[in-house]
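Take 1180 as the starting number for the sequence shown in the working numbering and just add one per residue.
Just below is one structure, and these are the notes that go with it.
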Amino acid sequence: MSKKQDIKLPPWLVVALLVLGIIYQLFFAPPKNTEYPSLGKQDVSNTIIADYDVKMRDDAIGQNKNAKTDYYMLALSWSPGFCDMQRKQNGNRLPPSSQYQCGTKNQFGWVIHGLWPQNANAKSVSDHPRFCQGDLPPLNENLLKHYLSESPGAKLLQGEWEKHGACAFDSAEQYFEKQRELYRTLVLPKNEMSRSELFKWMKKHNKQLTNRYLRASHNELFICYNKNWQTMDCPKN
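Here it is as structure tokens:
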């Protein structure tokens, strides 16, 4: 049997093929999806335990510990819209506080922003109860992890407790449990909708909201409750 002969390409052809390969990679190859890499378990843990303390002095609205609580507002956030906004505002670089919600493989839809004690006579955001107990120490990490499935951010939970929860609840756990309880009574859509479509959908699938006036803003939906935790019309102001 004859021996198999090796095929040798001329040097000029080898160089030409290499150049063509480089040109293809630079101008024609599809981009790799590396903009928002998924995080490993250790990375996810780091995003949770990163500095989540909240300082009242850094809050643009500030404290109002004298305002009376007349009703409550449950604020829900559409996570895909929130994450898009975070990327646009930060040049596609997510802040540490948003990494768990927006920078991992977690697929969040409607999540809890917070449960806010409200004053019926308020004319602006600063007229509602806020930071009633001033600056509070960081909550236990294990407590925060327990509620991340519905409020996906340690700084979100810490901030909502200090700004709002401490004005009406004796403990952070009581506050988080109440907002989770209200959240879990709701049937929420899985797809993005216009505001009018969202209101119709919510009233159709949640009997307790059938005749209620709801509010919305950007990526958020607001549902109001009286002090007995019955749904009520949200004030229109």
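Cβ atoms here follow ideal geometry from the backbone N, Cα and C, with glycine treated the same way.
Own chain, CB closer than 8 Å to residue i, minus 5 neighbours either side, in chain order
i               : result
methionine 1235 : Gly1241, Gln1242, Phe1310, Gly1313, Asp1314, Glu1341
arginine 1374   : Ala1395
aspartate 1306  : Asn1243, Ala1246, Asn1298, Asn1300
tryptophan 1380 : Pro1368, Met1372
Per-residue DSSP class, three states only, for residue i
i                  : result
methionine 1431    : The first residue shown for the chain is 1180 and the last is 1416, placing residue 1431 beyond what the model contains.
glutamine 1297     : strand
asparagine 1321    : helix
histidine 1178     : Past the boundaries of the shown model lies residue 1178; the chain is included only from 1180 to 1416, so the question cannot be answered.
serine 1330        : coil
lysine 1183        : Only weak support exists for where lysine 1183 lies, its pLDDT of 46 falling under 50; the value from the coordinates is given anyway. DSSP places lysine 1183 in coil when its eight states are reduced to three.
glutamate 1341     : helix
tyrosine 1251      : strand
phenylalanine 1401 : strand
arginine 1394      : strand
Cβ neighbours of residue i in the same chain (closer than 6 Å, five flanking residues each side left out)
i               : result
valine 1366     : His1384, Asn1385
lysine 1382     : Leu1388, Thr1389
methionine 1252 : Trp1295, Gln1297, Phe1401, Cys1403
glutamine 1358  : Ile1291, Leu1294
glutamate 1339  : Gly1293
cysteine 1262   : Cys1281
proline 1216    : Unreliable placement is indicated for proline 1216, whose pLDDT of 32 sits below 50; the coordinate value is still reported in the next sentence. Excluding residues within five positions, none has a Cβ falling inside 6 Å.
lysine 1334     : Tyr1231, Ser1276
C-beta contact flag for residue i and residue j at 8 Å
i               : j                  : result
glutamine 1265  : serine 1256        : no
tyrosine 1326   : phenylalanine 1348 : no
threonine 1248  : asparagine 1298    : yes
valine 1290     : glutamate 1320     : no
asparagine 1398 : glycine 1282       : no
Supposed close pair residue i, residue j - CB separation, criterion 8 Å
i               : j              : result
threonine 1410  : leucine 1377   : Incorrect: roughly 16 Å between the Cβ atoms, too far for contact.
leucine 1322    : glutamate 1360 : Actually they are not in contact, since the Cβ atoms of leucine 1322 and glutamate 1360 sit about 16 Å apart, beyond 8 Å.
asparagine 1405 : proline 1331   : Actually they are not in contact, since the Cβ atoms of asparagine 1405 and proline 1331 sit about 28 Å apart, beyond 8 Å.
Residue from the options with nearest C-alpha to residue i
i               : options                            : result
glycine 1293    : Ser1258, Leu1336, Gly1260          : Leu1336
proline 1296    : Asn1245, Leu1273, Ser1396          : Asn1245
alanine 1395    : Asp1412, Ser1350, Pro1274          : Asp1412
lysine 1415     : Met1372, Ser1303, Pro1308, Ala1333 : Ser1303
glycine 1288    : Asp1238, Cys1403, Met1372          : Met1372
tryptophan 1408 : His1343, Pro1308, Gln1280, Tyr1250 : Tyr1250
lysine 1324     : Cys1262, Leu1273, Pro1189, Tyr1279 : Tyr1279
serine 1258     : Lys1369, Arg1391, Leu1393, Tyr1392 : Lys1369
tyrosine 1362   : Lys1334, Leu1393, Ala1254          : Ala1254
Cβ neighbours of residue i in the same chain (closer than 7 Å, five flanking residues each side left out)
i              : result
aspartate 1232 : Pro1317, Gln1337
alanine 1345   : Cys1311, Gln1312, Leu1315
leucine 1273   : Gln1265, Arg1266, Cys1281, Gly1282
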